[in-house]
Ligand SMILES: C[S@@+](CC[C@H](N)C(=O)[O-])C[C@H]1O[C@@H](n2cnc3c(N)ncnc32)[C@H](O)[C@@H]1O
C-alpha cells in the first residue's frame, strides 16, 4: 500500500491522483467530455469562409489531459467529410454538435480548419497518455505545468479552453489572470466547471474582472431547443441525446478579452 503524503500541496495531490488514473481516464470520461465539447463548440467557432468553420488559433487547452478535445475535433472533421464513425454514442454526439452549430450559425458546416493547439496539464502521465494514443504532429505542443503559472508569453493565444478543470484549482483568480495574460485582445475563452464544486455567481464575477461578453450556456436551453426541433435531426430523434445532456454536471461560460485592458489590471 502506498504511504499517504501529507506534506504535498493540493495541486501536488491532484497531480498524483491524475498521474495514477491516467490510463483509465478516456474509457471513463470520453463520452461525457465529448458531449461537453459539443455544447461549447458553437461559442468557440467562427466562419472564415462558407461552409468551413474554424477555432481561431493558436489554441490553448488548459488542463487538457489526454487530448480528448483534439480527438473530438478530428472525429468531427471525419464525420463532416462523410466518413463513418463506428461508435454509436460518439456518432450521436457528433450529430448533435453539427445540428446545434447549424441552429446557432445558420450554416451546415462541412469542414473544420485546423490550427495549432497546445495542451497543458499538471499531470505528466495524462500528457504521456495523450502522446501514446497519437504520436503525430498535432500533439507537438504538450506542456506539463500548473495553470496558475502558465509558462507562455503574453498575448499568444487566440482561443483558450478549460473543460472540467477549475474544481481542481486552489487559486481560481490567479488561473483566470493567467488566462487573461496569455490570450490576445478579443480572444475567446470557453470554460466548463462542475456545478457542485463551484459557485457560479462568484465565478462569473471573478471572470468579469478580466473578461467581457460573458455568456452562459445552459443545458435547459439546449434541451428546450432540441425538443422544439422535431424532425430536423437527420437520423436520430433529438430525444435520444436528451438523457445524456441531463447527465452533464457542468455549467458553461464563454467570454472575450477586451482590447487594451492590461493597464486596468493590477498584477496578482
Ligand atoms: C477532469 S480532467 C479534464 C481533462 C480534459 N480537460 C478533458 O476534457 O478531458 C481535469 C484535468 O485538469 C488537470 N489539472 C488539475 N489541476 C491542474 C492545474 N492546477 N493546472 C493544470 N492542469 C490541472 C488534471 O491533471 C486533469 O488532466
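Residue numbers (our numbering): 3 to 270. In this text, a Cβ means the ideal position worked out from N, Cα and C, and glycines have one as well. Quick caveat: nothing in here was measured; it's all calculated off a predicted structure.
- The beta carbon of residue 171 sits closer than 7 Å to at least one heavy atom of ligand 1.
- Residue state for residue 107 is assigned as helix, using DSSP reduced to three classes.
- At least one heavy atom of ligand 1 sits closer than 7 Å to the Cβ of residue 13.
- Just so you know, the alpha carbons of residue 125 and residue 242 end up roughly 35 Å apart.
- A buried status is given to residue 131, since no fewer than 16 other beta-carbon atoms sit within 10 Å of its beta-carbon.
- Just so you know, the alpha carbons of residue 175 and residue 200 end up roughly 13 Å apart.
- DSSP, reduced to helix, strand and coil, places residue 114 within a strand of the structure shown.
- Runs of alpha helix (DSSP H) with 4 or more residues, each lying fully within the segment 166-191, are found at 174-184, listed in chain order.
- Per the Cβ contact rule, the segment 245-253 is in contact with the segment 27-46 (3 or more Cβ pairs under 8 Å).
- The DSSP-derived three-state label of residue 211 is helix.
- Here residue 259 is buried. Its C-beta has 16 or more other C-beta atoms within 10 Å.
- Here the alpha carbons of residue 230 and residue 12 stand approximately 45 Å from one another.
- The closest CA to that of residue 190, considering only 84, 173, 46, is found on 46.
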